[in-house]
Amino acid sequence: MAGVGWRSPLLSRPGAVAADVGVAWHYGDPVAEQRALVAGQGVVDCSHLGVVAVTGPDRLSWLHSITSGHLSALAPHSSTETLVLSPHGHIEHAAGVVDDATTTWLLTTTAAALAAWLDSMRFMLRVQVADVTDQWAAVGEPRRGEGDPDGPVVWCDPWPTTAPGGTRYGPPDEAHPGTDRPWRLVLVPRAELDAHVASRGAALAGTWATEALRVAAWRPSGAHEVDHRALPHELDWLRTAVHLDKGCYRGQETVARVHNLGRPPRRLAMVHLDGSGHVLPSAGAPVLDASGARVGVLTTCARHHELGPIGLAVVRRATSPDAPLSVPDDDGDLVAAAQEVIVNPDGLTPDRPAVRGPLGRGLGLAP
122 MAGVGWRSPL
132 LSRPGAVAAD
142 VGVAWHYGDP
152 VAEQRALVAG
162 QGVVDCSHLG
172 VVAVTGPDRL
182 SWLHSITSGH
192 LSALAPHSST
202 ETLVLSPHGH
212 IEHAAGVVDD
222 ATTTWLLTTT
232 AAALAAWLDS
242 MRFMLRVQVA
252 DVTDQWAAVG
262 EPRRGEGDPD
272 GPVVWCDPWP
282 TTAPGGTRYG
292 PPDEAHPGTD
302 RPWRLVLVPR
312 AELDAHVASR
322 GAALAGTWAT
332 EALRVAAWRP
342 SGAHEVDHRA
352 LPHELDWLRT
362 AVHLDKGCYR
372 GQETVARVHN
382 LGRPPRRLAM
392 VHLDGSGHVL
402 PSAGAPVLDA
412 SGARVGVLTT
422 CARHHELGPI
432 GLAVVRRATS
442 PDAPLSVPDD
452 DGDLVAAAQE
462 VIVNPDGLTP
472 DRPAVRGPLG
482 RGLGLAP
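Residue numbers (our numbering): 122 to 488.
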């Protein structure tokens, strides 16, 4: 985040209603703002995001060796993403990555902590790490397209295209709803944020619109879907942020073991919420089965301009896709929730290696 107390200058625009992260939740008409983004129009103030800059000749090979992505051969002005995992494979940080031939830029929601951890891992390598969030702000655009040497730094969201070396727990790329959500972030000097947006002459949209479209695209966020025990498999993040065939890095053994031999204990699902009431659940609310037992947690809740109230939830993998679920709202009343499968309940990828013999039979994967 841009820091506690950050308040974007764009909140002075007419109709702006502040979100809890220092930028606008909406500018008076969130439905129209969503429709504008779907039409490829408008810009979004994303200055609440953090920016970490890594410089030095060893930067890409070093980041490659300690994070989940394949970064050693990242071409200038090509976007990807990567994860920092714990020794047990749990997600600690998530970052969009783009290199401009002199600096590797990491866009994240945990800039201070990520920069501190990276700095602690430098040892004798020729790299420098800096949290430059106070200097740079991100502006979101509903379009695809990488940056170029003569323009600003641009991170183009790779979701949901399965990268070389990645795999998927959800549908094929061409059948994934995320293919209908083009998205990129442009870095501008923070002091020039207001002037940059004004020069674009485009309508502003708030986080209400971007979050609703993110949920509909089944796109996980490090700020919402990640908790202390989140595995990338559970969120279908092996599509874009994890390379299965590269060398060892922290957490790699867990990534390989779950993919090759195990199954993720939880899975990401989209939920369609009953919108007949006036109050919706809040992120962090428990997801309950018909008996009232907790089977997961609602990680994001949003109102979509076409789908209505929707959310992302992390539930137990064994939860039946047809099970009637509910989520308590802020008043304690139960809101019915119907699942839409994202991560397969069987916990397998299409390219999982065959397991034979007693182990395979024990897992139910071999005759």
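Beta carbons: idealized from backbone N, C-alpha and C, even for Gly. Since the structure is predicted, the reported quantities are computational estimates derived from the model, not experimental observations.
Distance from the CA atom of L184 to the CA atom of A404, rounded to whole angstroms, is 32 Å. For V275, the uninterrupted beta strand (DSSP E) run begins and ends at 275 to 277, by DSSP. For G163, the closest of H354, V448, S320 by C-alpha to C-alpha distance is S320. Boundaries of the beta strand (DSSP E) harbouring Q460: 455 to 462, taken from the DSSP string.
With contacts defined as CB atoms closer than 8 Å, R335 and P281 fail to qualify as a contacting pair.
Within its own chain, the residues whose Cβ lies closer than 6 Å to the Cβ of D472, once the five positions on either side in sequence are excluded, are T288, listed in chain order. The C-alpha of L356 lies about 8 Å from the C-alpha of E346.
At the C-beta level, D221 and L181 stay beyond 8 Å of one another.
In the structure shown, Q249 falls within a strand segment according to DSSP collapsed to helix, strand and coil.
By the criterion of a C-beta distance shorter than 8 Å, P407 is surrounded in its chain by R415, G417, V418, L419, V448, P449, once the five residues flanking it on both sides are discounted. In the DSSP annotation of this structure, the continuous segment of the alpha helix (DSSP H) that includes V318 starts and ends at 314 to 321. DSSP places R415 outside any alpha helix (DSSP H); the residue lies instead in the beta strand (DSSP E), whose first and last residues are 415 to 425.
Taking C-beta atoms as the reference points, M242 and I187 count as a pair closer than 8 Å.
DSSP, reduced to helix, strand and coil, places S168 outside both helices and strands of the structure shown, so it counts as coil. In the three-state scheme derived from DSSP, where H, G and I count as helix and E and B as strand, H380 is classed as helix. When the Cα atoms are used, W257 and T225 turn out to be separated by approximately 14 Å.
Rounded to whole angstroms, the Cβ separation of V260 and V173 is 18 Å, and the two are not in contact under 8 Å.
Look at the segment 322 to 347 and you find these whole runs of alpha helix (DSSP H), each 4 residues long or longer: 328 to 337. By the neighbour-count definition (other C-beta atoms within 10 Å, threshold 16), P279 is a buried residue.
The closest CA to that of A296, considering only A338, L314, A458, is found on A338.
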